Structure formats: structure tokens, C-alpha cells
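Take any residue in the sequence shown, count from 1 to its spot, add 1: that is its number in our numbering. Report on one structure; see the data block that follows.
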Amino acid sequence: MALPSKRPTILICDDEEGVRESFKLVLSDDYDLRLVTNGVEALELLKTFSPDAMLLDIKMPKLHGMEILKTIKKRKPKLPVIIVTGYQSVEMAQEAIRNGASDYIAKPFDSKHLLKSIAHVLK
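Shown next, in the form of C-alpha cells:
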């Protein structure tokens, strides 16, 4: 009897409950999800937890997403981080990519685009 394959785990860091619920609706069939509401929680969790990918908002209380991204990339450089934010600008997208983001997706997000981006970073 074959062992069941492990589903990829995605860490989701977003302060908006509605957005976290949307992520759960779109992703829970294919991925195991861990959800946190701010960057402090995310960085604390990442000390003992290694997800396969991360979805990260930029504008959040306590710690700005770009600072979270920089810290994550120092601690876990191979962790794919996809920025998903309602505060999109060309400059912010360029900064995120320079700081190690794997992709930059605007909210409200298109579920097909999100799924494609996650599948791509998990290859």
C-alpha cells in the first residue's frame, strides 16, 4: 500500500479576515494552510515551521510586509514568497522582487492566477 503523498503547506500572512477566508476557499482543497494575522506572528512561527511557500500582504499592522520579506529571505532564502496586496504600484512590485519575492499579485486576486503562481513556485 502506497503512503499518501504530503500536500504542500502554505503560510498565509494577511491582517484582513475576509482575505484569509478567500485564500482558504481557493486553496484548501489542494494545500495545507497555516494562517497568521501579522508579520510578528509569521516570523515567530517560521522559527519552528517550514512551509513550502508563503503568501504575504504588504500593508499590515505591527510590521510592514517588505520588512517581513527581507527578514524571511535572510533566515530562509529558499522559501518562495508571493506578495498579494491591495497596495500595488510598479515601484512596490519592483522592490518586492528585488527583495526576493517570487511573484507579486494584486488584490482582489484572480484565483486562477494565484493557483498558477503557487504551482510555479512549488516546482
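Beta carbons are placed, not taken as given, at the ideal position from N, Cα and C, and that holds for glycine. All values reported here derive from a predicted model rather than from experimental measurement.
Residues of the same chain with a CB within less than 7 angstroms of the CB of A43, apart from the 5 flanking positions on each side, are L12, C14, V37, I69 in chain order. Apart from the 5 residues on each side of it in sequence, E17 sits with its Cβ closer than 8 angstroms to the Cβ of D58 in its chain, given in chain order.
At least 8 angstroms separates the beta-carbon of D33 from that of T49.
Out of S29, S90, G66, I83, the CA that lies nearest to the CA of V41 is found in G66. For T72, the enclosing alpha helix (DSSP H) covers residues 66 to 76. Residue pairing from DSSP places D33 in a beta bridge opposite T10. Among the bridge pairs identified by DSSP, M55 is matched with L12, V82.
For N39, the closest of R8, I98, R21 by C-alpha to C-alpha distance is R21.
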